[in-house]
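Structure, as structure tokens:
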Amino acid sequence: MAHDIPTTPQDDEAETIMAALAHGMTGHPEKAIPLFDPFIAGGPVTTAGLCASLAEMSAMQARKNLPAGGHFGLLVLNADTGERGDINEAPAGIRFAMQFSTAWGNDDRDTAYALFHALIEPADEEASHALADGIRCLFDMAVVSLNEMTGRTA
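Structure (structure tokens):
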């Protein structure tokens, strides 16, 4: 029996996030992003929860493969040259997503939340755009991780 993926927020936040990820996995991320509106409208606490949920999806399977006492690192490569890059050259939202997901994957919640608050602290238009980019990047990373975990290609 086929089930339609919800396109409107559900009563259960987890179901809403899973619906968004399902849209991403089926190649329709444009249907997913509006599902995040209630989290963002809910303010910093629910938005940080959304970021944490997406980062957890990214790290869940990879964390199982870490050796005992192992940690995730953050390697930045320049897409044009293939050489090592500098994370400080990445746009703010992308830099946030990379650092947040690494901290979250390493169970360093304090650092993850500090990164979130540093991103939104200016509370201006630039911070809003950076947050939107960061959420989109966290979403994309979660979709890639889930596709790899399930062997699915979008």
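Using the working numbering, the first residue of the sequence shown is number 23, and each one after it goes up by one.
For each residue, glycine too, the CB sits at the ideal point set by N, CA and C.
Legend entry - Cβ pair CYS73, LEU168 closer than 8 Å: To locate residue 73, count along the sequence shown from 1; it is residue 51. To locate residue 168, count along the sequence shown from 1; it is residue 146. No; because the gap between Cβ atoms is not below 8 Å, this pair is not in contact.
Inset, instruction - Measure from the alpha carbon of PRO144 to the alpha carbon of each residue in ALA114, ASP33 and GLU52, then state which is nearest. - result: Here residue 144 refers to the residue found at position 122 when the sequence shown is read from its first residue. Answer by Cα proximity: ALA114.
Inset, instruction - Would you check if there are 3 or more beta carbon pairs closer than 8 Å linking the region 70-87 to the region 127-140? - result: yes
Legend entry - CB contact flag (GLN121, LEU137, <8 Å): Here residue 121 refers to the residue found at position 99 when the sequence shown is read from its first residue. Here residue 137 refers to the residue found at position 115 when the sequence shown is read from its first residue. Result yes, Cβ atoms of GLN121 and LEU137 sit closer than 8 Å.
Legend entry - Cα-Cα separation, HIS139 to GLY95: Reading the sequence shown from its first residue, position 117 is the one you call residue 139. Reading the sequence shown from its first residue, position 73 is the one you call residue 95. Answer to the nearest angstrom: the Cα atoms are 21 Å apart.
Inset, instruction - Return the residue from the list GLY173, PRO56, HIS50 and GLU52 that minimises the CA-CA distance to GLN32. - result: By one-based count along the sequence shown, residue 32 stands at place 10. Nearest of GLY173, PRO56, HIS50 and GLU52 to GLN32, Cα basis: PRO56.
Legend entry - Helix, strand or coil at ARG174 [DSSP, three-state]: Locating residue 174 in the sequence shown gives position 152, counting from the first residue. Of the three classes helix, strand and coil, the one that applies to ARG174 here is coil, per DSSP.
Legend entry - Helix, strand or coil at LEU99 [DSSP, three-state]: Locating residue 99 in the sequence shown gives position 77, where the first residue counts as 1. Strand at LEU99.
Inset, instruction - Check each candidate in ALA44, LYS86 and THR38 and name the one with the smallest Cα separation from GLY71. - result: Against the sequence shown, residue 71 aligns to sequence position 49. It is THR38 whose Cα lies nearest to the Cα of GLY71.
Inset, instruction - Please classify VAL67: is it buried, with 16 or more other beta-carbons within 10 angstroms of its beta-carbon, or exposed? - result: Counting from 1 along the sequence shown, the entry for residue 67 is found at position 45. Its Cβ having fewer than 16 others within 10 Å, VAL67 is exposed.
Legend entry - Neighbourhood of LEU141 by C-beta, 8 Å cutoff - its chain only, sequence neighbours within 5 removed: The sequence position of residue 141 within the sequence shown is 119, counting from 1. Contacts found: ALA114, GLY115, PHE118, ALA149, ALA152, LEU153 and GLY156.
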